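Residues 0 to 537, numbered by numbering that gives the first Met the number 0, are exactly what the sequence shown covers, in order.
C-beta atoms are modelled at their ideal positions from N, C-alpha and C, and glycine is treated no differently.
Keep in mind the model is a prediction, meaning the values are calculated, not measured.
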Amino acid sequence: MEPEKGKKFWPLPVGATKLGRGPDNPIRLTHDSVSRNHAEVVCGADGIFIRDLSSRNGILVNGVPRQKAALQPGDALKIGIFRLELLAAPPTTARPTEPPVEEGTEEVTIDQVFRLPDQDRELHALYHVCSWLTEGIEEKDFVAKCLRLLTDAFSAQEAQLYGADGQLQAVSGQESGKPVLKLAAFLAKKFQESPEATIISGASIARHQQRVGEFNYLVGALRSPQAGQATAAPFLVLLRPVELTDFTRANRVLLQLICQIWVRGLARAIQVQDLHRENAQLKQKAGICRLLGDSKITQSLRERAARAAATNVTVLLQGETGSGKEVVAQFIHQNSPRKEGPYIKVNCAAIPDTLIESELFGHVRGAFTDARRDRKGKFAQADHGTLLLDEIGEMPLLVQAKVLRAIENKEIEPVGSESVVSVDVRIIAATNRDLAEMAKAKQFREDLYHRLNVVPVPVPPLRERLEDIPVLAAFFLDLFCAENGLAEMGFAPDALAQLQRHSWPGNVRELRNVVQRCAASADGDVISAMTVESQLKL
């Protein structure tokens, strides 16, 4: 049906409604100034948005050329020769009926979505700026969201953010990402020096730059309250074509308020993120040596490791890959008389056979090609401390003999040196292999095995201590949220039960990875069983 002058269209349905000259458009505008498929209006619970479909003549929202814009009641659209006005409130999807509030109880509103009056653009803009800042979203995402919001709130053609150096950093208003106008260095400096939000007419600066007279400008500096007016600061610029209505005093006051909230909020968000990272580092240092878990098996492991820590004897940790042998080793060191000394780790499986001797014992200058200076080995670095020989079952037999000599005599001989160096090192060895069987098969020196196996400490797999999973999962989740500046999260009871039903072939390391994936993919602050199930399948 062709539109008539003054006709009101039926209420827009939820979803996308196309406008154009073509007969298949629900809103048909029959005139050559309108493209066949000109634009579409999308309605949903979040509001109403219009998007240009690469039309020939474009669309105007409140007189401003826009490719995409949020709409509110009272907004005027110009599509070709047609002027359309949005009269109805945005349709929303059906919501479940809320239960009545019982007498004598207070209604809980903290979890409800706060919706603003659709006709109040200023309140709408202020609310969203404050909301995004308190959500703690990344600065890049916050900037993109705010620029789009400002473009709509001030009926501007474009919103731009310039850095303290006067260079354009971000722009909103054009899908291509290219600005309609980029300020010359002189004008950028002039705009930056505005003491507070300022309206600048295009006519007053037209002589300084080509096309600059085509727009009027609303400028606001993002200057910290502690910084002086002479301090260079980032600043916002809103552009509105001169043929439209001028920016008003109310616009200037609103932008000044938004700038103050913006700069204070981002500074606080950066401070909170730094505190989260520092807290995560402290948690990691404190948590590594705690041997988390309340199961009887973990309590026994903790007691056994504590008894070993009180002495200086050699300890052999045996357990499956990912079961936490390295955590137990650090627990022993940090609870030993050597806790103030160095704690050095070396993965014997990760070092080529040709380099492991130099890595362990060091070398002198000229010992081999590329040995341009003397270098301390891991034994010397761990002097008066603890040396963890991880994956010792992968150590070559030739090197094993020298390790045995170093442990027994407390002396090492750097590669290429004719003298020995005395060292005082406590050895902790770790392996996921059966060294006794390897010794019988002549794949590991039997004398070294007996020298290492003074205090054996078996580390049980996670499947034998499933009661520890709630504590471990909560620890890994808190650590991940703190490291990434996220709000606190938790697991639903059925999600924890789902974790406890898994066999965990990768042990604690696998649990940590699954928890991180769940946190990264969760929709809210409570991780559901469905989320856990989907991440366990990866």
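Which residues in the same chain as residue i place their Cβ atom closer than 8 angstroms to its Cβ, once the five residues preceding and following it in sequence are excluded?
{"i": "residue 409", "result": "421, 422, 423 and 424"}
{"i": "residue 540", "result": "No answer is possible for residue 540: the residues shown for the chain start at 0 and end at 537."}
Output needed for residue i: all residues of its chain with C-beta closer than 6 angstroms, excluding positions within five of it in sequence on either side, in chain order.
{"i": "residue 438", "result": "445 and 448"}
{"i": "residue 468", "result": "498 and 499"}
{"i": "residue 116", "result": "Per-residue confidence for residue 116 stands at a pLDDT of 45, beneath the threshold of 50, marking its modelled position as unreliable; no derived number is given."}
{"i": "residue 511", "result": "475"}
{"i": "residue 15", "result": "39 and 41"}
{"i": "residue 537", "result": "none"}
{"i": "residue 253", "result": "121"}
{"i": "residue 340", "result": "383 and 384"}
{"i": "residue 270", "result": "none"}
{"i": "residue 495", "result": "469"}
{"i": "residue 166", "result": "none"}
{"i": "residue 297", "result": "464 and 467"}
According to the Cβ coordinates, are residue i and residue j closer than 8 angstroms?
{"i": "residue 315", "j": "residue 428", "result": "yes"}
{"i": "residue 218", "j": "residue 190", "result": "yes"}
{"i": "residue 221", "j": "residue 233", "result": "yes"}
{"i": "residue 502", "j": "residue 462", "result": "yes"}
{"i": "residue 237", "j": "residue 155", "result": "yes"}
{"i": "residue 514", "j": "residue 476", "result": "yes"}
{"i": "residue 36", "j": "residue 17", "result": "yes"}
{"i": "residue 384", "j": "residue 426", "result": "no"}
{"i": "residue 38", "j": "residue 49", "result": "yes"}
{"i": "residue 128", "j": "residue 145", "result": "yes"}
{"i": "residue 28", "j": "residue 79", "result": "yes"}
{"i": "residue 473", "j": "residue 524", "result": "no"}
{"i": "residue 466", "j": "residue 294", "result": "yes"}
{"i": "residue 318", "j": "residue 471", "result": "no"}
{"i": "residue 132", "j": "residue 268", "result": "yes"}
{"i": "residue 255", "j": "residue 196", "result": "yes"}
{"i": "residue 231", "j": "residue 163", "result": "yes"}
{"i": "residue 414", "j": "residue 362", "result": "yes"}
{"i": "residue 401", "j": "residue 436", "result": "no"}
{"i": "residue 390", "j": "residue 348", "result": "yes"}
{"i": "residue 290", "j": "residue 258", "result": "no"}
{"i": "residue 345", "j": "residue 458", "result": "no"}
Any heavy atom of the ligand ATP closer than 7 angstroms to the beta-carbon of residue i?
{"i": "residue 532", "result": "Here there are no bound small molecules, and the ligand ATP is not part of this structure."}
From the options, pick the residue whose C-alpha is nearest to that of residue i; which is it?
{"i": "residue 74", "options": "86, 66 and 80", "result": "86"}
{"i": "residue 479", "options": "521, 454 and 404", "result": "521"}
{"i": "residue 210", "options": "519, 241, 195 and 388", "result": "241"}
{"i": "residue 377", "options": "396, 265, 412 and 296", "result": "412"}
{"i": "residue 386", "options": "200, 368 and 405", "result": "405"}
{"i": "residue 31", "options": "23, 13, 81 and 12", "result": "81"}
{"i": "residue 455", "options": "304, 60 and 177", "result": "304"}
{"i": "residue 44", "options": "340, 24, 13 and 390", "result": "13"}
{"i": "residue 453", "options": "126, 345, 313 and 194", "result": "313"}
{"i": "residue 150", "options": "124, 162 and 163", "result": "124"}
{"i": "residue 368", "options": "380, 375, 379 and 354", "result": "354"}
{"i": "residue 395", "options": "379, 352, 375 and 24", "result": "352"}
{"i": "residue 329", "options": "388, 528, 266 and 24", "result": "388"}
{"i": "residue 130", "options": "260, 194 and 77", "result": "260"}
{"i": "residue 441", "options": "200, 399 and 460", "result": "399"}
Only counting the same chain, and skipping five residues up and downstream in sequence, which positions put a Cβ closer than 7 angstroms to that of residue i?
{"i": "residue 364", "result": "370, 371, 372 and 373"}
{"i": "residue 403", "result": "444, 446, 447 and 450"}
{"i": "residue 57", "result": "51 and 64"}
{"i": "residue 509", "result": "321 and 503"}
{"i": "residue 246", "result": "198, 215, 217 and 239"}
{"i": "residue 517", "result": "526, 530, 531 and 534"}
{"i": "residue 102", "result": "Model confidence at residue 102 stands at a pLDDT of 41, short of 50, so the residue's coordinates are unreliable and nothing is read from them."}
In the DSSP output, which residue or residues are listed as bridge partners for residue i?
{"i": "residue 362", "result": "374 and 414"}
{"i": "residue 385", "result": "342 and 425"}
{"i": "residue 78", "result": "58 and 81"}
{"i": "residue 457", "result": "317"}
{"i": "residue 158", "result": "171 and 237"}
{"i": "residue 215", "result": "239"}
{"i": "residue 51", "result": "38"}
{"i": "residue 542", "result": "In the structure as shown, the chain begins at 0 and stops at 537. Residue 542 is therefore absent and cannot be evaluated."}
{"i": "residue 19", "result": "27"}
{"i": "residue 336", "result": "Bridge partners of residue 336: none, in fact."}
{"i": "residue 70", "result": "47"}
Hey, does residue i have any beta-carbon neighbour from chain C nearer than 8 angstroms?
{"i": "residue 407", "result": "Absent from the structure: chain C. Only one protein chain is present."}
- Message: Is it the case that the stretch 317 to 331 contacts the stretch 480 to 491, given that we only count it when at least three CB pairs across the two stretches are under 8 angstroms?
- Response: no
- Cβ contact check for the stretch 138 to 152 and the stretch 205 to 212: 3 or more pairs under 8 angstroms: no
- Message: With a threshold of 8 angstroms, are at least 3 pairs of Cβ atoms found where one atom belongs to the stretch 301 to 312 and the other to the stretch 335 to 349?
- Response: yes
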